[in-house]
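Peer 1: Can you keep this structure in mind? I'll have questions shortly.
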Amino acid sequence: MPEVYNWHLGRKMLYPYEERHPKWQFAFVFNINRCLACQTCSMADKSTWLFSKGQEYMWWNNVETKPYGGYPQFYDVKITQLIEQVNPGGQVWNVRVGRKHHAPYGVFEGMTIFDAGAKVGQAAIGYIPTDQEWRFVNIYEDTATSMRALVEGIDKTGFSRDEPWKMTGSSLPEHETFFFYLQRICNHCTYPGCLAACPRKAIYKRPEDGIVLIDQNRCRGYKKCVEQCPYKKPMYRGTTRV
Amino acid sequence: MTTNPYVRPDDYGIPITAQHHDDKTVRNIKLPWQEIKRHANPLWEKGYQFYCVTPKTRHRVHSQWSVNDWVQIYESNFGDPYRMDKRTPGVGEHQLHINPQAAKDRGINDGDYVYVDGNPVDRPYRGWKPSDPYYKVARLMIRAKYNPAYPYHVTMAKHAPYVATPKSVKGHETRPDGRAIAVDTGYQSNFRYGAQQSFTRNWLMPMHQTDSLPGKHAIAWKFKWGYQVDHHAINTVPKECLIRITKAEDGGIGARGPWEPVRTGFTPGQENEFMIKWLKGEHIKIKV
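Sequences listed follow chains A and B, in order.
Its first residue numbered 5, the first sequence is counted upward by one per residue in this note's numbering.
Its first residue numbered 2, the second sequence is counted upward by one per residue in this note's numbering.
What follows is the structure, encoded as structure tokens:
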């Protein structure tokens, strides 16, 4: 299998195709600090592209509340867990090497989805979400991690009936309770998992703008892209060609 | 709460023990903090131990769009265009955010249906009786959603969903697909049973009920005197709502077992070992 350079990881990694880059790269930018998860972008996307039979469950653009939210449910935890099972305790970032131009974050010594995929005989490690997991697109909206008082068992209730104004809260600089909104569309990856996975070579990265496309004429519905895209953005429409 | 001698409220002869909403709204009482802090709401001892806040939602405008399909799908933890659980009133349903520990202490799992009861003196409606057929329509049944952001005794349900009506309940119980739709009018409810109004009351402060009080015109950029719909007939913003929460049904499809996502070990308050590692960022090691 060829090796390609991945500057995020600061090293080469396995990929089924030779390294190649488009002339330009199309990209969208979301300002995470300003987003309040109103879902207007999701609705605009849904009403423009995803209103037909077979597309009811689809949201190419979605905004989820991290860490518990996810569409499909818990996709990020599940992929992370799959890699962990192949490479227990081995997901290590080496920052001892320092920041370099071609390795701005140090070197990742753990496994990518492609490295882990090679261990299980796949282009990339992954899974196909069940119909049940595609439900509840905005699951756990605005849901924070547990209050410190509950986690540490300081006081089961955090509330005193005799002195209701006295609450047990967090103290700075520790800030263990958190949630944030993550806006998600297809990332049009440099090394797409879906493209690597496709047995029909129906997926390609367009040379002029870097957009990742699926050629419907070549596609035969194997769903390997659904299985091996770690962001779960390719979605299968069962009514096409019916 | 004050000790100011110039504050001279009139209790209109209504005793301090009166519990009916209408009496309490009219009656004005002055008490110093030292006394108020010793005063307990008698409902507390009867199991009404949750505050329920009812804020606005960012996905709708009051009740507008409440039963739009895509809004229903996005509004809660339970949006499903294919309605795998036929109990769901539409393609989604309303929810009550609750602290996981508070729910566990009452045997309520994430995603379970619960009954929510307000002050029984006048809620869900004046003169209710358990034997009354309308009681089932008016008593709120809603899905619980674990959210550790809420303190133990505080719950939250967004305001202004579409209420269950006798006809929507009839639709829910007789239609093959179980949707809570009135057969003749097509009215869709956001609830199987009950509504936010099951446990809240409007608040009509006596000082607002005058013909001379000035306020902003509800539908124009000008002042108006006297009756104003948004000032005098506020119907979704409760003055007070101490509620009691009891389990009604299991959350799993068809009321069999727990709601499916909580079986994964990835949900708030029920995290498995890997999820805790992941939340703490310990699945990645940093070599420095």
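The C-beta atom is built at its ideal place from N, Cα and C for all residues, glycine as well.
Predicted model only: the values in this text are computed from it and were never measured.
Excluding five sequence neighbours on each side, which residues of the same chain lie with their C-beta closer than 8 Å to the C-beta of Trp-66 (chain B)?
Peer 2: Locating residue 66 (chain B) in the second sequence gives position 65, counting from the first residue. For Trp-66 (chain B), where only same-chain residues beyond five positions count, the Cβ hits under 8 Å are His-60, Val-72.
Peer 1: Tell me which same chain residues have a C-beta within less than 6 Å of the C-beta of Arg-15 (chain A), skipping the five on either side of it?
Peer 2: Taking the first residue of the first sequence as 1, we reach residue 15 (chain A) at position 11. Around Arg-15 (chain A): Val-111.
Peer 1: Go ahead and label Gly-125 (chain A) buried or exposed: buried means 16 or more other beta carbons lie within 10 angstroms of its beta carbon, across all protein chains shown.
Peer 2: Taking the first sequence and counting its residues from 1, the one referred to as residue 125 (chain A) is at position 121. Under this definition Gly-125 (chain A) is an exposed residue.
Peer 1: Measure the alpha-carbon distance for Pro-20 (chain A) versus Ile-244 (chain B) and round it to whole angstroms.
Peer 2: For the purposes of this step, residue 20 (chain A) is taken as the residue at position 16 of the first sequence. For the purposes of this step, residue 244 (chain B) is taken as the residue at position 243 of the second sequence. Taking the straight line joining both Cα atoms gives about 59 Å.
Peer 1: Since Thr-55 (chain B) meets chain A, which of its residues come closer than 8 Å, beta carbon to beta carbon?
Peer 2: Here residue 55 (chain B) refers to the residue found at position 54 when the second sequence is read from its first residue. Simply none; closest approach about 15 Å.
Peer 1: Pick out whichever of B:Thr-166, B:Gly-93, B:Asn-203, B:Gln-20 has its Cα sitting closest to the Cα of Glu-136 (chain B).
Peer 2: For the purposes of this step, residue 136 (chain B) is taken as the residue at position 135 of the second sequence. A small fix is needed here, since residue 136 (chain B) is Tyr in this sequence, not Glu. The candidate whose alpha carbon is nearest that of Tyr-136 (chain B) is B:Thr-166.
Peer 1: Have a look at the DSSP bridge pairing and note the partners of Ile-287 (chain B).
Peer 2: On the second sequence, residue 287 (chain B) is found 286 positions in, with the first residue counted as 1. Answer is A:Trp-97, bridged to Ile-287 (chain B).
Peer 1: In or out: Val-289 (chain B) buried (at least 16 other Cβ within 10 Å) or exposed?
Peer 2: As a first step, residue 289 (chain B) is located in the second sequence; it is residue number 288 there, counting from the start. Answer is exposed; the Cβ neighbour count stays below 16.
Peer 1: 8 Å is my cut-off, CB to CB: does His-60 (chain B) come that close to chain A?
Peer 2: In the second sequence, residue 60 (chain B) corresponds to position 59, counting from 1. Yes, His-60 (chain B) counts as interfacial toward chain A.
Peer 1: Does DSSP classify Pro-149 (chain B) as helix, strand or coil?
Peer 2: For the purposes of this step, residue 149 (chain B) is taken as the residue at position 148 of the second sequence. In this structure, Pro-149 (chain B) counts as coil in the three-state DSSP scheme.
Peer 1: Taking the alpha-carbon of Gly-172 (chain B) as reference, which of B:Lys-47, B:Pro-90, B:Tyr-49 has the nearest alpha-carbon?
Peer 2: As a working note, residue 172 (chain B) is residue 171 in the second sequence. That would be B:Pro-90, whose Cα lies nearest to the Cα of Gly-172 (chain B).
Peer 1: What does the alpha-carbon distance come out to for the pair Tyr-72 (chain A) and Ala-31 (chain A)?
Peer 2: Start at 1 with the first residue of the first sequence, and residue 72 (chain A) comes out as number 68. Start at 1 with the first residue of the first sequence, and residue 31 (chain A) comes out as number 27. Cα to Cα, the separation comes out at about 26 Å.
Peer 1: Are the C-beta atoms of Gln-187 (chain A) and some chain B residue less than 8 Å apart?
Peer 2: Sequence index remark: in the first sequence, residue 187 (chain A) carries index 183 (1-based). For Gln-187 (chain A), the answer is no, since every Cβ of chain B falls outside 8 Å of its Cβ.
Peer 1: Would you mind listing the beta strand (DSSP E) stretches within the stretch 74–122 of chain B that are 3+ residues and don't spill past its ends, in chain order?
Peer 2: Those beta strand (DSSP E) runs which fall completely within the stretch 74–122 of chain B and span 3+ residues are 96–99, 114–118.
Peer 1: Would the beta-carbon of Glu-272 (chain B) be found less than 7 Å away from any heavy atom of the ligand FMN?
Peer 2: Absent from the structure shown: the ligand FMN. Ligands present: none.
Peer 1: Between Asn-42 (chain B) and the rest of its own chain, which residues show a CB-CB distance below 7 Å, the 5 nearest in sequence each way excluded?
Peer 2: Here residue 42 (chain B) corresponds to residue number 41 of the second sequence, with the count starting at 1. Hits under 7 Å: Leu-243.
Peer 1: Apart from the five residues on each side of it in sequence, which residues of its chain come closer than 7 Å, Cβ to Cβ, to Val-99 (chain A)?
Peer 2: What you label residue 99 (chain A) is simply residue 95 of the first sequence in a count that begins at 1. Correct list, in chain order: Gly-110.
Peer 1: In angstroms with no decimal places, state the Cα-to-Cα distance between Ala-48 (chain A) and Arg-202 (chain B).
Peer 2: On the first sequence, position 44 is the one that residue 48 (chain A) refers to. On the second sequence, position 201 is the one that residue 202 (chain B) refers to. Those two C-alpha atoms are separated by around 36 Å.
Peer 1: Take His-95 (chain B) as the anchor and find which of B:Glu-261, B:Phe-192, B:Lys-130 has the nearest alpha-carbon.
Peer 2: On the second sequence, residue 95 (chain B) is found 94 positions in, with the first residue counted as 1. Of B:Glu-261, B:Phe-192, B:Lys-130, the residue nearest in Cα terms is B:Phe-192.
Peer 1: Pull up the CB-CB distance for Thr-1 (chain B) and Leu-97 (chain B), whole angstroms please, since I reckon it's below 8 Å.
Peer 2: As shown, chain B starts at 2 and ends at 289. That puts residue 1 (chain B) outside it, with no answer to give.
Peer 1: Which stretch, first to last residue, makes up the beta strand (DSSP E) that contains Val-8 (chain A)?
Peer 2: Taking the first sequence and counting its residues from 1, one reaches residue 8 (chain A) at position 4. Val-8 (chain A) -> beta strand (DSSP E) spans 7–10.
Peer 1: Check whether the Cβ atoms of Val-96 (chain A) and Lys-286 (chain B) sit closer than 8 Å, and answer yes or no.
Peer 2: Stepping through the first sequence from its first residue, residue 96 (chain A) is reached at position 92. Stepping through the second sequence from its first residue, residue 286 (chain B) is reached at position 285. With a cutoff of 8 Å on beta-carbon distance, Val-96 (chain A) and Lys-286 (chain B) are scored as near each other.
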